[in-house]
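Counting from 1, position 73 in the sequence shown corresponds to residue 73 in the working numbering; the numbering is continuous, with no gaps.
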Amino acid sequence: MKINRKFSTILLLTATVLIMASATISRSTDPPLYVNLKVLPKDISSKDMQKIMVDDFEDALGVSCNFCHAADKTTGLLDYASDAKPEKEIARQMMRTTIGINKKFFKVKHPIIGTDALTVTCNTCHNGVAFPDGH
């Protein structure tokens with residue numbers, strides 16, 4: 001009986017470790033939620049992405065998604081990964097500029113777009129218009 005009890009305990013512990021290991025492996029091999037991110041964090045949550053795109057960019061520039069994102073020629077749906085529109089790269093450059101300004105002049109150690117840590121944001125210059133200098 002003692003041998004069966006020890007064997008059962010070892011078997012149970014081994015099974016538990018294997019299950020936990022497989023759960024960890026399956027989480028780490030999930031495909032990324034977003035692709036072609038060059039400034040925003042690659043592991044950004046959908047909640048944070050929504051906040052940045054809608055609360056920050058759309059409100060600050062007074063535009064909608066299709067301002068930066070091109071439509072797929074086949075489906076007509078927005079292709080968020082596409083770099084077809086130059087406005088998308090301009091947005092990336094502006095994000096890098098904003099991050100740089102916050103680091104250099106406001107000493108924000110780790111400025112991340114979409115956080116309250118930023119002093120200078122899209123709205124600082126755009127204030128609800130896509131082209132703040134009139135172009």
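Glycine is no exception: its CB is placed at the ideal position from the N, C-alpha and C atoms.
This one's a predicted model, so the numbers in the text were calculated from it and none came from an experiment.
Would you mind giving the Cβ-Cβ distance between residue i and residue j, rounded to the nearest angstrom? I have them listed as a contact below 8 Å.
| i | j | result |
| --- | --- | --- |
| ILE99 | ILE113 | 7 Å |
| PHE106 | THR119 | 4 Å |
| PRO32 | LYS42 | 6 Å |
Strictly by DSSP, which residues pair up with residue i?
| i | result |
| --- | --- |
| ALA71 | LEU78 |
Ordered along the chain, which non-local residues of its own chain (more than five positions away) have a Cβ less than 7 Å from that of residue i?
| i | result |
| --- | --- |
| TYR34 | ILE44, MET49 |
| VAL63 | ALA130 |
By Cβ distance, which residues of its chain are closer than 6 Å to residue i, with the 5 residues on each side in sequence left out?
| i | result |
| --- | --- |
| THR75 | none |
| ALA60 | CYS122, ASN123, HIS126 |
Would you mind reading off the limits of the alpha helix (DSSP H) that contains residue i?
| i | result |
| --- | --- |
| LYS51 | Careful: LYS51 lies outside any alpha helix (DSSP H) and carries neither H nor E. |
| PHE105 | 86–106 |
| CYS125 | 122–126 |
Check this for me: beta carbons of residue i and residue j, under 7 Å apart or not?
| i | j | result |
| --- | --- | --- |
| VAL39 | MET95 | yes |
| CYS68 | LYS47 | no |
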